[in-house]
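Chains as they are written, first to last, in our numbering: chain A, 1 to 378; chain B, 1 to 378.
Number of protein chains: 2
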Amino acid sequence: MRKNYLMTPGPTPLPPQVTEAMSRPIIHHRTPQFQTILKEAGEGLKYVFQTKNDVFILASSGTGAMEAAVVNLLSAGDVAITVEGGKFGERWTEICKSYGIIPEVINVEWGKAVEPAEIAGRLKANPKIKAVFTTQCETSTGVTNDIRAIGQVVKDTGAVLVVDAISSLGAIDLKSDDWDVDVVVSGSQKGLMLPPGLGLVSVSAKAFNMANDSKCPKYYFDLKKAKKALEKTDTPFTPAISLVIALNESLRMMKTDGLENVFSRHRKMAEAARAAVKALGLTLFAPSAGSDVVTAVNVPAGIDGEKLVKTMRDTYGITMAGGQAELKGKVFRIAHMGFIEEFDIIAGISCLEKVLAQMGYKFNVGSGVKAAEEVFLK
Amino acid sequence: MRKNYLMTPGPTPLPPQVTEAMSRPIIHHRTPQFQTILKEAGEGLKYVFQTKNDVFILASSGTGAMEAAVVNLLSAGDVAITVEGGKFGERWTEICKSYGIIPEVINVEWGKAVEPAEIAGRLKANPKIKAVFTTQCETSTGVTNDIRAIGQVVKDTGAVLVVDAISSLGAIDLKSDDWDVDVVVSGSQKGLMLPPGLGLVSVSAKAFNMANDSKCPKYYFDLKKAKKALEKTDTPFTPAISLVIALNESLRMMKTDGLENVFSRHRKMAEAARAAVKALGLTLFAPSAGSDVVTAVNVPAGIDGEKLVKTMRDTYGITMAGGQAELKGKVFRIAHMGFIEEFDIIAGISCLEKVLAQMGYKFNVGSGVKAAEEVFLK
């Protein structure tokens, strides 16, 4: 007998309502029955994306939705800014290069947020730049970029602003329309509390205008096809039916709670996680720009970071994430997103204390949990 | 209270084992726990695909897997045969055109199978043809093409044979290796008895060789990335975790039954469906090349085909498929594939009799069910 806790930055645990929805007998997608669900899910997505634009539901991971954003907006030879400050920022560059788009890379030190002024400067220096690809929460480092400020510097240029909100949507605030974000990309397995398998993309009128000139070859990810189908409450290809039905349930939950409450729950959990690790004498990887989505913590000297994560998972059933790419073994990441609440955080911190103590790290047992409790008591 | 029966050519009903697997708490995909599942699923897929080649699991619909086949093998300017004899054959042509590949279209009358000699002739006339894109079961018409014979005419040429087995895999025989099929494409929501959301592709050495020269731009569907990841029992992007776990269950079921038994169950159901509709005085749309996957039946004169399908579904809970594209309103399609067995067929035929009678069609009530029972009694 062992209980498992999933505290990774995607997938996040599934609410019972979602599990129940996926357990229903499957229905056919070209029926009025499914159309009713597709319509309600579309409205719910507009609420969570905080947009009046259409949100397209793709059967793909979040990366597929990122590719859809690139190939629908641009053509080979176009220039686009990509903001790199971690593994997922780099993905924008890789996708652009795959399609012959020339990335103007802004290199940001891992653990820091991009300076909106840097983006403004590049846009001014090169008026040919057609798009700015950025990331709201860089999951690999736990950094949040200031999308509102970036929206301000992009909105009056000819470029469109594209935001990877895969790990941040439904966890922290993203006012797509108010902040002048043209394209928001997300996935199902994070704040939306579903299994992976849905890619989501919202597209502004300015972006769709650009899509008319795009010459990137595309078929499966062609958003003009998706738009035409959506006008008839349909999808161009077979949708991931069970996930769309489950999406409808998680969107209902978020609407019932209200976005503000969803965000404040995430804020509180993040604050508690940060307070707890500091109380244990640990340091944050991104002290100045840490997100309320996931907290990256430096592995202390003398401790094997990979063993720490492995022991929590394989011996005690608590799955946190290790470091990715250049951060492998150097950080571990506590996700506080999706269907997670305060007592999950307490359990996670307690397990962290247990394994750190067993590995010989010196600290006052209980101090991490106490610090977290104090935050939740406020 | 109403019981629903799904008799459409995808999605097909879900076995309880699949539903149960999707209801388990979700796990993270970069863990030894998921790797064990991915490995077993990979072996199970090789069994069902009847191949020694790797089978890649994509988070996409079947169309995404079709696109993967095109963009990994070819480059703009290449010439490829596409066999059109229905909506899904036409999709090969559309995907090729989207990537600048020149389709040499073989037009087959809807309801007929392609002549392998026609393919042989085209290949001989133009040695530049690099690939032959065909469909095993054309779901829109219910026709099965003779893949074994097509394999014979393609194998000694420089071209690769690509088969869309989306609706046929796990329903009728497809000996990928023995029949010299280089690339087999499938999806999850048909013979594999899962919800839609997984695209599957097997790739031969000859095809991977061609992939090294391919210049089509690609990122999400890049099978070289998938191959590199699979060597480490991983996927390049977040997989559709819950569907992969469920896939493992359905593959176990198929392995337990044995492929031969799976195929003979489908054969029997198809025979019963054909016998039943003939006994009702109805005619088959594809009398000479009908598949054991789905049976397309001509709507009799004086009957509104769309209303027939709608009434069975909305009044009695039995969902069959109507006609697509040029066959809209002219045929209805009884699927006998996936998690469907003889008494589902009986129920479906009984409902068909009921609604036909209500719509004023003249026949001996019970004669369709009797004919089906006689087939199952044999």
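Positions of the beta carbon are idealized from the N, C-alpha and C atoms, including for glycine. Fair warning: this is a prediction, and the values are worked out from it, not measured in the lab.
For residue i versus residue j, is the C-beta distance shorter than 8 Å?
i: Gly197 of chain A; j: Ala240 of chain B; result: yes
i: Met320 of chain A; j: Ile340 of chain A; result: no
i: Tyr361 of chain B; j: Ser60 of chain A; result: no
i: Glu138 of chain A; j: Gly100 of chain A; result: no
i: Lys206 of chain A; j: Val160 of chain A; result: yes
i: Val154 of chain A; j: Asp180 of chain A; result: yes
i: Asp78 of chain B; j: Lys130 of chain B; result: yes
i: Phe332 of chain A; j: Gly322 of chain A; result: yes
i: Gly286 of chain B; j: Phe56 of chain B; result: In the sequence as presented, Gly is not what sits at residue 286 of chain B; that position holds Ala. Not closer than 8 Å, so no.
i: Val355 of chain A; j: Leu282 of chain A; result: no
i: Ser188 of chain B; j: Met22 of chain A; result: no
i: Ala276 of chain B; j: Gly366 of chain B; result: no
i: Val299 of chain B; j: Gly329 of chain B; result: yes
i: Thr12 of chain B; j: Met337 of chain B; result: yes
i: Ser75 of chain A; j: Cys216 of chain A; result: yes
i: Leu377 of chain B; j: Val244 of chain B; result: no
i: Pro25 of chain B; j: Asn4 of chain A; result: yes
Going by DSSP in three states, residue i sits in which element: helix, strand or coil?
i: Asn248 of chain B; result: helix
i: Asp78 of chain A; result: coil
i: Asn72 of chain A; result: helix
i: Asn364 of chain A; result: coil
i: Asp54 of chain B; result: coil
i: Arg333 of chain A; result: strand
i: Glu260 of chain B; result: helix
i: Ile95 of chain B; result: helix
i: Glu138 of chain A; result: strand
i: Leu194 of chain A; result: coil
i: Ser242 of chain B; result: helix
i: Ala272 of chain B; result: helix
i: Val181 of chain B; result: coil
i: Ile147 of chain B; result: helix
i: Glu341 of chain B; result: coil
i: Glu84 of chain A; result: strand
i: Ala289 of chain A; result: coil
i: Leu6 of chain A; result: strand
i: Gly64 of chain B; result: helix
i: Leu356 of chain A; result: helix
Residue range of the alpha helix (DSSP H) that residue i falls in?
i: Pro32 of chain B; result: Pro32 to Phe49
i: Asn298 of chain A; result: Here Asn298 of chain A belongs to no alpha helix (DSSP H); instead the beta strand (DSSP E) covers Val294 to Asn298.
i: Arg122 of chain B; result: Pro116 to Ala125
i: Pro16 of chain A; result: Pro16 to Ser23
i: Leu282 of chain B; result: Per DSSP, Leu282 of chain B belongs to no alpha helix (DSSP H) and is neither H nor E.
i: Leu234 of chain A; result: A small correction: the amino acid at residue 234 of chain A is Asp; Leu does not occupy that position in the sequence shown. Unbroken run through Asp234 of chain A: none, as it is neither H nor E.
i: Gly305 of chain A; result: Gly305 to Tyr316
i: Lys228 of chain A; result: Leu223 to Leu230
i: Asn209 of chain B; result: Ala205 to Ala211
Assuming residue i is part of the beta strand (DSSP E), what are its boundary residues?
i: Thr135 of chain B; result: Ile129 to Thr135
i: Asn394 of chain B; result: Residue coverage of chain B in this structure runs from 1 to 378, which leaves residue 394 of chain B outside it and unanswerable.
i: Val160 of chain B; result: Val160 to Asp164
When burial is assigned at 16 or more other CB atoms within 10 Å of the CB, is residue i buried or exposed?
i: Ser264 of chain B; result: exposed
i: Arg91 of chain A; result: buried
i: Asn248 of chain A; result: buried
i: Met1 of chain A; result: exposed
i: Lys268 of chain A; result: buried
i: Gly10 of chain A; result: buried
i: Thr256 of chain B; result: exposed
i: Leu45 of chain A; result: buried
i: Gln358 of chain A; result: exposed
i: Asp213 of chain A; result: exposed
i: Thr141 of chain B; result: buried
i: Pro236 of chain B; result: buried
i: Ala301 of chain A; result: exposed
i: Pro195 of chain B; result: buried
Please indicate yes or no: does the CB of residue i lie closer than 7 Å to some heavy atom of the ligand NAP?
i: Arg274 of chain B; result: Ligands displayed in this structure: none; no statement on the ligand NAP is therefore possible.
Please list, in chain order, the residues of the segment 219–238 of chain B that have any C-beta partner in chain A closer than 7 Å. Flagged, chain order: Tyr219, Tyr220, Phe237 and Thr238.
Using a Cβ-Cβ cutoff of 9 Å, what residues of the segment 20–42 of chain B are near chain A? List them in chain order. When C-beta distances to chain A are compared with 9 Å, the residues of the segment 20–42 of chain B below that value are Glu20, Met22, Ser23, Arg24, Pro25, Ile26, Ile27, His28, His29, Arg30, Thr31, Pro32 and Gln33, in chain order.
Could you run through the segment 89–113 of chain A and flag, in chain order, every residue whose CB is less than 8 Å away from some CB of chain B? For the segment 89–113 of chain A, the set of positions with a beta-carbon nearer than 8 Å to some beta-carbon of chain B reads Glu94, Ile95, Ser98, Tyr99 and Gly100 in chain order.
Which residues, taken in chain order from the segment 243–260 of chain B, show a beta carbon closer than 7 Å to some beta carbon of chain A? Cβ contacts with chain A: Leu243.
Name the residues in the segment 52–64 of chain B whose C-beta lies less than 8 Å from a C-beta of chain A; which are they? Cβ contacts with chain A come from Ala59, Ser60, Ser61, Gly62, Thr63 and Gly64.
Proximal residues, the segment 8–19 of chain A versus chain B, C-beta separation under 9 Å: Answer set for the segment 8–19 of chain A: Thr8, Gly10, Pro11, Thr12, Pro13, Leu14 and Thr19.
So if I threshold CB-CB distances at 8 Å, which residues from the segment 177–211 of chain B count as touching chain A? Answer set for the segment 177–211 of chain B: Gly187, Gln189, Pro195, Pro196 and Gly197.
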